[in-house]
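Peer 1: In case it helps, the working numbering puts the sequence shown at residues 672 to 1374.
Just so it is clear, CB atoms sit at the ideal spot from N, CA and C, and this is done for glycine as well.
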Amino acid sequence: MELPLLLSGPIIRRVDTSGVVIWIATSRRFQIGAELFHIECSGQKYSYKLLSDIAETQTLRLGKRLYINLITIKPTTALFPTNTLLGYNLLFSRRSTTVDLNSFGLLEQNHPHSIVYGNLKYPSFYINSGENGSILYGSCNKLHGKGNHSLASADLHLEEEFTNLKERPHSLFLLGDQIYADDVPDPVFPVITELHKKLVGNNEDLTVVDYRLSEPHLKDSINKINGRQFIMEYLCQFSSRNASNHMMKFGEYAALYLLSWAPQLWDYAVEQGYIAGFSDQLEKDQIHFVFPKEEQHLPQHQKELKQLQKRYDEQWWEVQENLHVLPKISRLLANTPTYMMLDDHDITDDLYLSYNWKRNVWNSPLGRHVVANGLGAYWAFQGWGNCPDSYSPSFLRMVKRYCYTFSVGTVEYKNWIERLWNYDSWHFVAPTEPKAIFLDTRTIRSYQSPPRPVKLGNTMEETPRGPNLIGSEGWVKLTDLLQQSGWSSGEKLIVNSPAPFYGVGLIESSLDSYVHPLRTLGIPIHEMIDYEAWKYNGEGFTQFINKIIEWNPSHCFILSGDVHYASNVRSHIKTNQEKEATILQFTSSPIQNMSFSGIWGSLVKGAIWLNTLKRKKKEINRYCDSSYQLVMDDHPLDSTPVHWTESIRYLSTEKGHIIETNNNLGLIQFTPDSVQNKLLQYKDLEKHEVAFERVNLNKHNGT
672 MELPLLLSGP
682 IIRRVDTSGV
692 VIWIATSRRF
702 QIGAELFHIE
712 CSGQKYSYKL
722 LSDIAETQTL
732 RLGKRLYINL
742 ITIKPTTALF
752 PTNTLLGYNL
762 LFSRRSTTVD
772 LNSFGLLEQN
782 HPHSIVYGNL
792 KYPSFYINSG
802 ENGSILYGSC
812 NKLHGKGNHS
822 LASADLHLEE
832 EFTNLKERPH
842 SLFLLGDQIY
852 ADDVPDPVFP
862 VITELHKKLV
872 GNNEDLTVVD
882 YRLSEPHLKD
892 SINKINGRQF
902 IMEYLCQFSS
912 RNASNHMMKF
922 GEYAALYLLS
932 WAPQLWDYAV
942 EQGYIAGFSD
952 QLEKDQIHFV
962 FPKEEQHLPQ
972 HQKELKQLQK
982 RYDEQWWEVQ
992 ENLHVLPKIS
1002 RLLANTPTYM
1012 MLDDHDITDD
1022 LYLSYNWKRN
1032 VWNSPLGRHV
1042 VANGLGAYWA
1052 FQGWGNCPDS
1062 YSPSFLRMVK
1072 RYCYTFSVGT
1082 VEYKNWIERL
1092 WNYDSWHFVA
1102 PTEPKAIFLD
1112 TRTIRSYQSP
1122 PRPVKLGNTM
1132 EETPRGPNLI
1142 GSEGWVKLTD
1152 LLQQSGWSSG
1162 EKLIVNSPAP
1172 FYGVGLIESS
1182 LDSYVHPLRT
1192 LGIPIHEMID
1202 YEAWKYNGEG
1212 FTQFINKIIE
1222 WNPSHCFILS
1232 GDVHYASNVR
1242 SHIKTNQEKE
1252 ATILQFTSSP
1262 IQNMSFSGIW
1272 GSLVKGAIWL
1282 NTLKRKKKEI
1292 NRYCDSSYQL
1302 VMDDHPLDST
1312 PVHWTESIRY
1322 LSTEKGHIIE
1332 TNNNLGLIQF
1342 TPDSVQNKLL
1352 QYKDLEKHEV
1362 AFERVNLNKH
1372 NGT
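1) Let's test the definition: count the other Cβ atoms within 10 Å of the Cβ of Arg1002 and tell me whether it reaches 16, buried, or not, exposed.
2) Quick check: the Cα distance between Pro998 and His1359, rounded to an integer number of angstroms?
3) Can you tell me where the alpha helix (DSSP H) with Glu865 in it begins and where it stops?
4) Identify the residues that DSSP records as bridge partners of Ser1231: which are they?
5) What runs of the beta strand (DSSP E), each 3 residues or longer, lie entirely inside the region 687–719?
6) Give me the residue from Tyr905, Leu731, His867, Asn1264 with the minimum Cα distance to Asn1031.
7) Give the secondary structure of Pro1195 by DSSP, where H, G and I count as helix, E and B as strand, and everything else as coil.
8) Is it buried or exposed for Tyr882, if we count other Cβ within 10 angstroms and need 16 for buried?
9) Taking a contact to mean a Cβ-Cβ separation below 8 Å, would you say Pro856 touches Gln986 in this structure?
10) If I measure Cβ to Cβ from Thr1406 and keep anything under 6 Å in the same chain, skipping five residues before and after, which residues do I get?
11) Here's the rule I'm using: 16 or more other beta-carbon atoms within 10 Å means buried, otherwise exposed. How should Glu1104 be labelled?
12) I need the straight-line Cα distance from Lys1245 to Asp1233, nearest angstrom please.
13) Roughly how many whole angstroms lie between the Cα atoms of Phe1099 and Leu1110?
14) Can you tell me which of Asn1044, Asn773, Tyr983, Val1240 puts its alpha carbon nearest to the alpha carbon of Ile946?
15) Going by other Cβ atoms of all chains shown within 10 Å of its Cβ, with 16 needed for buried, is Thr1130 buried or exposed?
16) Compute the distance between the beta-carbons of Pro681 and Leu733, then report whether it is under 8 Å.
17) What's the C-alpha gap between Tyr808 and Ser1159?
18) With 16 other CB atoms within 10 Å as the buried threshold, where does Lys1206 fall?
19) Give every residue of the same chain whose Cβ lies closer than 6 Å to the Cβ of Thr1324, excluding the five residues on either side of it in the sequence, and list them in chain order.
20) Buried or exposed, going by whether 16 or more other CB atoms sit within 10 Å of the CB of Thr1009?
21) Run through DSSP, which three-state label would Ser1156 get?
22) Where does the unbroken alpha helix (DSSP H) through Lys1085 begin, and where does it stop?
23) So which of Leu846, Tyr797, Gly944 has the shortest CA-CA distance to Val859?
24) So, at 7 Å on beta carbons, what are the nonlocal neighbours of Tyr793 in its own chain, with the 5 sequence-adjacent residues on each side left out?
25) Quick one: what's His1243 bridged to in DSSP?
26) Between the alpha carbons of Phe1066 and His968, how many angstroms are there, rounded?
27) For Gln849, which three-state DSSP category applies?
28) Determine, using beta carbons only, whether Ser679 and Ala705 come nearer to each other than 8 Å.
29) Please report how far the alpha carbon of Glu831 lies from the alpha carbon of Thr864, in whole angstroms.
30) Closer than 8 Å is the cut-off here; do at least three beta carbon pairs connect the region 1341–1355 with the region 818–829?
31) Using beta-carbon positions only, say whether Pro1138 and Ser810 come within less than 8 Å of one another.
32) Does the beta-carbon distance from Leu676 to Arg700 come in below 8 Å?
33) If Leu1037 and Leu877 are in contact, beta carbons under 8 Å, what's the gap, nearest whole angstrom?
34) Run through DSSP, which three-state label would Val879 get?
35) Ignore the nearest five residues each way along the sequence and tell me which others in Cys879's own chain have a CB closer than 7 Å to its CB.
36) Looking at the strands, I want to know which residues DSSP matches up with Pro1124.
What follows is the structure, encoded as structure tokens:
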């Protein structure tokens, strides 16, 4: 059976009055055209006026049956209109036949893969140009994540408001971990390995990258369920604790993206018999055991067998729960201009965590290879559509030439590795209102810092500082990019940072009396909370503050994710140069990867709720001393040299909470004078909202 012609998409990407970019993946090469319509609404009746049928399409062949297409619809004469409903259709021509989206059932209201809302003929969107508007944002979407998928709630929100542009979001910001390449569920791993062969082929020979993969044990385990943990740790030098099914080949990364965004390949996988139960996989010898079924290891093997079967069944149940909402996710992406920034799990856990991590992986041929594949897949499935013009013709040629053969060891391969490892311009500015700059907090880090003194209980020691998430050269590039975008000082600005500026470290410091006893009892706090944040490098934290002050927006809004909880923070900063800035940070996470579950999660949540009672309406004060240590203190001594002082206040929800740990998607709503953050959640097939307090932007220093 042939692969479906449409593999994933359409997804609306970068949108402004001069062009509309649409991404779609196909299994065949097509000549793709497009039509853009102005939709007039009169009650329940709609009329459609053709605005443009001028389309420029770029198509890259990334495998024997994988084509990534980027279609840009251009205006015929004037610019595209703003604040009005627009619809689009795509036309696919091959040989003498032309079909459109309706030919695949996508425009049929009752089709299970429909991407239209209500009685509309086409998927729709609008270009916002005013100070009123709504933006969806979030991060952390794991295929087998626990809890209900919050992107489904956004689809229901659009279903309610698709013609009401006052309430309909004009953009979706995905802030990292759109896939979990290092944490792939057992039942899905064989599906991916089969799809990889269909989509890309078998030309990518990993034994040429690392000869040790030819050894019988590794040659046997690498393509089996649960068979890659040792390979990723010792051959790649990765640090992921859940790497037993880690993506390695380019086609595997590609298949994971396609399975995460659209239902078509799932239908194909079912028809092809790629999906099987644990006993079937066991019978086909497709499961790797740490302890082989040998007499001397039999007790351990039997225990491992039970553990793997339990894990397999639990993960398959979680995957099935998410598959039910995949058509909703596909419809949301087809109707909302979407911008995406990478974080570590898009490639591997802890990507570029430290200087030693980066050096060790670069010096490992296999680790170097896998990171390049992850970055290349990120570009094809996410990065390219953010700002197509930022990628030079030579970059596209580099991708095209290597992906034509996937031949390791060639000149094309060496260019692929070096170009992707050294690429330092993943950041971009989205042409939204307000303008939004997306920070790459992974690939332009700097690491040189003295050790940081820490005290845990009665133990005092030195520990490495966290990385500076953006080095000095990175800030120069970001400033230039912001100026080139047309943004001006004195305007509102959204800063999208995958890692929160005000992260979980701040909460932990205020929870010391609660969290420390849990840690000393051996509760795996570190596995439930990611401590990688801006605060662990005080110099980098200060650089961020100085840049905000230098840019001087009228209001600065930081949107972030990563930490698997949602919160709102308002901060007022005063520097030693007598300059001031007020920052509002809105954090939404996870989209689909609830961490605070089970008994340990309940204990941590209990600690958080207890602390909520203390922190509501209360200021937290701190300062940065001359050695860039962040010190919690209301009033530094007059003799203490400081870089800046800060007053922070958590904003509460309508129920008085300062934190939300269930799966959620942020919905930030702007007016000229205020901003409010809401969280959309999906429960019992319905949309639910959690609203934080509205912030009056005219009120000076609202902390």
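Peer 2: The structure says:
1) buried
2) 19 Å
3) 860–870
4) Ser1168, Thr1258
5) 690–697, 702–713
6) Tyr905
7) Caution is warranted here: a pLDDT of 45 is assigned to Pro1195, below 50, making its placement in the model unreliable, and the coordinate value is therefore given only provisionally. Coil, per DSSP.
8) exposed
9) yes
10) Nothing can be reported for residue 1406, as the shown portion of the chain is limited to 672 through 1374.
11) buried
12) 27 Å
13) 7 Å
14) Tyr983
15) exposed
16) no
17) 24 Å
18) buried
19) Val1361, Phe1363
20) buried
21) coil
22) 1082–1093
23) Gly944
24) Phe708, Gly758, Tyr759, Asn760, Leu778, Val787
25) Thr1253, Ser1318
26) 51 Å
27) coil
28) no
29) 39 Å
30) yes
31) no
32) no
33) 7 Å
34) helix
35) Here the sequence assigns Val to residue 879, which means Cys is not the residue at that position. Counting only Cβ-Cβ distances below 7 Å, and skipping sequence neighbours, we find Val1079, Gly1080.
36) Glu1133
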